[in-house]
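The structure appears right after this line, and notes come after that.
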Amino acid sequence: MTIEMKNTTAAKVAKALLDWHRERGSSGSGMVHTFVVATDRDDFDEAYQAALAANREHPSRILIVVRDPGAEDGLDAEIHTDSDARGDMMVLTMRGRTVEHPGSVLRPLLVPDLPVVVWWPNEAPEDLLTDRIGKLADRRITDALGAEDPTQAIIDRAYYHSPGDSDLAWTRTTRWRALLAAALDQVKAPVTAATVEAATDNAPASLLAAWLELKLGVEVTVSRTDGPGITAVRMTTPSGPIEIVRIGPDETVYRVPDQPERSVALRRRPVAELVTEELRRMDDDVVLADVLAEMVRQNGQCALDLSGHPGNLQHPVQPSA
Amino acid sequence: MTPDSAAAPASQATDDAYTNPLRDPRDRRLPRIAGPSVLVMFGVTGDLARKKLMPAVYDLANRGLLPPGFAFVGFARRDWEDQDFAEVVGEAVRQHARTPFREEVWQQLLSGIRFVQGEFTDDEAFARLKATLDDLDRTQGTGGNHAFYLSVPPKFFDVVLEQLKHHGMADQQHGWKRVIIEKPFGHDLASAKQLEKVVSASFTEDQVFRIDHYLGKETVQNLLALRFANTMFEPLWNNNFISHVQITMAEDIGIGGRAGYYDGVGAARDVIQNHLLQLFALTAMEEPTGMGASVLRAEKEKVLEAASATRKFDLHTARGIYAGGWSGGELVKGYLEEDGIPETSTTETYAAIRVDVHNRRWAGVPFYLRTGKRMPSRVTEVALQFKTLPFVPFNAHDTATLGGNSLVLRIQPEEGVTLRFGAKVPGTQMEVRDVNMDFDYGSSFTESSPEAYERLILDVLLGDPPLFPRSKEVEESWRILDPVLDYWEGTGTQPETYRPGTWGPKSARDMLARDGFTWRRP
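The listed protein sequences correspond, in order, to chains A and B.
103 is the number that full-length UniProt numbering gives to position 103 of the first sequence; each next residue is one higher, with no gaps.
381 is the number that full-length UniProt numbering gives to position 381 of the second sequence; each next residue is one higher, with no gaps.
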């Protein structure tokens, strides 16, 4: 069943939610955060399913915000009482000028005292912290790959990074990073050069390369392949090459010196899994902050063509002079 | 000795001065992947191996926590080839794994699965095992790192350990060697010391991992977090506020097909000595100075040393065996009618003891430990019962149904915390009644929290020992329990029978009634 409320207010929605909790005989406790999904009509289904899947590991109040600025002013709400969410699931359609004042709708509906997480599945505002929805949140999750221009999106993320921000492009590199670290655990040798191979304009590849450069102190080349995503990482060491090469959707080859070649499992993970990983931590990802700062340092102003960028001085990550 | 550092896998940290530039203690996303290694399992045909261990290995691989170079070797009497064993593992994984079956993960595992056929006394079989391991070190790159899991009855421990040593498989010159043994660690203090002697003849204390699979690391860490990461519990955690503590582990099943193992062992040795005394130690110990292996152990050892079973065992212990009858709507056999149990058996299926702790925090607070089979439900919990109020400003009728406050750490089946306190019943009458406030780990976090065995296996492969008991703890536990066991044996009588599907014999109720308490109904 869905409780549908047209032309309503946040107070009425909160009341309806409370009534439903009473009817169901539960106080709605046990939730660990409020999860706000800022989306549009186009990507609604995928975002809805991913939020629901992530909710299985982290029971939460899910508020899906659909923005419809072209319509007449107002707020419509649906409480999905039959979803298999383990917390609450609500869809809030903000119409007309309400889009400009999302805080007025969301604030009464946040779970008391617990963290607020906002996820933008595709286009995200340039500066998350000053965004009208973003400023309500303790954790802000974006997805550069969902944006129309992933490269520009990750550049925005780098320049405007604040503690609590993270991007799914970074999450996509976790398994690669884990394998590379495990390889060095085995090989125990200095790395003299490294290459990341990936599809053109692949944001995770840029992050992975920046991370390797930062940690290894060597120049990392990014070379283009047909993809999808990252297809290989190669590192040169005095003991011989370390290579992790994805040769098919389900097949990845792992080569380290003095050891037989092996296949490892390194599939591309669905968005729901990535979001679930993000929700495990509410603290700042300092390693990501370092990597983004490294990208800014490397690229400098000219390479990124920052003319017109405001260059926010309050932000921890500053483009170097 | 392995350092307590949490930053890098201990196995690497001890090797040499190499620091992996890609490892960063602040990088919380990178899982700690075990180094290349072989897990050798003795006793692969058992239930435990099929239902728990094999699926746990797969789940670890599926979560990306096993290294690319990982091999899994089975050792048993069966006349199997590698592929027969692989089939058994595959079957077990498909049936019992918690994570979805994925072909590519399975293929990765499959390439490292081997089987060695033989008896434990067969020198040639162990020579073949050694050859298999050497071959895996070459072909899979497992680097001489071998963990031996002895999922076999304890009477075989010495022969297997002896064989491993004899064939040079305990030698740590090239790669680490670790051995995993499961309870029971002996059947009394003397035999525990004897077992320790056997084990330490072949392996050093750092190489030995004692596993109590009832008490997963997750549970231990939950308990530590509740006690030491919160402000509001610890001030109450002493004899100023607590009247007594009840630690329960109940099973609703009988002994099933375990007659051969169970008879002569009994509930106290099977559960109290290890599981309940570990829970006791974690509940009663002082705050450790950190979460490292040695400091945690030090606190557990200290509180175990300060504890003893209350004398006058006729008044402060209880034991029973289940009679035949109806349990959960089903007609079941009594213990003495089970297959393979002699009619004259004096083995108990229910045991309860009182433990007193001789220190400032707990003097005067009895800890009651009980366990039993054929109880109404399967449940494990630690219940701290608070003292009753010295004065109640309500009249007696208003609080007629009010019990004491209690804090219950629920461990099974649904891990969580329950706080029981009095609340006014809505209405014009002034009536105060007990209510429960519940917290469930399961509903507040993660459905994919790792299974106890996954954590255990991973810790062994990482060389991360913190929560495994050492021989000292095992011996202290026997020291506490031995006098009770001796007393029971000395009576020469059979335990008191109790109806199946009930909370134990009358003597158990009497034992608490003597102290003015009643058992909680979990």
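Ideal placement from N, C-alpha and C gives every residue a C-beta, glycine not left out.
Residue range Ser406 to Gln412 is occupied by the beta strand (DSSP E) that includes Gln412/B. Ser104/A: member of the alpha helix (DSSP H) spanning Pro102 to Leu106, first to last residue. Residues of chain B whose Cβ lies closer than 7 Å to the Cβ of Tyr254/A are, in chain order, Pro68. Distance between Val89/B and His244/B, taken at the CA atoms: about 46 Å. In the three-state DSSP reduction, Pro483/B falls in the helix class (H, G or I). Beta-bridge analysis with DSSP links Leu150/B to Phe42/B and Ile181/B.
Each of Ala309/B, Arg378/B and Met232/B was checked against the Cα of Ala352/B, and the nearest Cα belongs to Ala309/B. Among the bridge pairs identified by DSSP, Leu384/B is matched with Val245/B and Leu407/B. The Cβ of Ile33/B sits closer than 8 Å to at least one Cβ of chain A.
For the options Asp84/B, Leu39/B and Tyr441/B, the alpha carbon positioned closest to that of Pro413/B is the one of Tyr441/B. In the DSSP assignment, the residues bridged to Ala77/A are Met5/A and Leu92/A.
As the crow flies, the alpha-carbon of Ala97/B is around 19 Å from that of Glu273/A. Shown here for Ala47/A: same chain residues with a beta carbon closer than 6 Å to its own, the five before and five after excluded, namely Val37, Thr39 and Pro121 in chain order. Take the alpha-carbon of Leu369/B and the one of Pro238/A: they are about 60 Å apart. Setting aside the 5 residues that flank it on each side, Leu39/B is surrounded in the same chain by Phe72 and Ala147, each with a C-beta closer than 6 Å to its C-beta; the list follows chain order.
Taking Glu287/B as the centre and dropping the five residues before and after it, the same chain places the C-beta of Phe228 closer than 7 Å to its C-beta, in chain order. At a cut-off of 8 Å between beta-carbon atoms, Asn145/B makes no contact with chain A. Bounds of the alpha helix (DSSP H) holding Asp314/B are Phe313 to His316.
Separation of Leu458/B and Gly216/B (C-alpha to C-alpha, rounded to the nearest whole angstrom) is 12 Å. In the assembly as shown, Met430/B is an exposed residue. Its beta-carbon has fewer than 16 other beta-carbons within 10 Å. For Phe70/B, no alpha helix (DSSP H) encloses it; the enclosing beta strand (DSSP E) starts and ends at Phe70 to Ala76.
In the DSSP assignment, Ser294/B falls within the alpha helix (DSSP H) that extends over Ala293 to Glu305. Remark: C-beta atoms of Ala153/A and Ala203/A approach each other more closely than 8 Å. Straight-line measurement puts the Cα of Phe313/B at about 7 Å from the Cα of Tyr487/B. Within 10 angstroms of the beta-carbon of Met31/A lie 16 or more other beta-carbons, which makes it buried.
Cβ neighbours of Ala147/A within its own chain (closer than 8 Å, five residues either side excluded): Asn122, Glu123, Ala124 and Ala153.
Chain B has a Cβ within less than 8 Å of the Cβ of Asp185/A. What Val105/B touches in chain A, judged by beta-carbon distance under 8 Å, is Ala265, going in chain order.
Judged by their CB atoms, Ala54/A and Leu279/A are nearer to each other than the 8 Å cut-off.
Cβ atoms of Met90/A and Ala77/A come within 8 Å of each other, at about 6 Å. Against Lys215/A, the close residues of chain B are Pro21 and Leu22, in the order they occur along the chain (beta-carbon pairs closer than 7 Å). Residue state for Val460/B is assigned as helix, using DSSP reduced to three classes. Spanning the alpha carbons of Thr380/B and Ser406/B requires a straight line of approximately 16 Å. According to DSSP, residue pairing for Gly320/B in a beta bridge involves Tyr350/B and Glu496/B. Note on Asn145/B: 16 or more other CB atoms within 10 angstroms of its CB, so buried under the neighbour-count rule.
Within the stretch 202-259 of chain A, the runs of alpha helix (DSSP H) that reach at least 4 residues and sit entirely inside it are, in chain order, 203-216.
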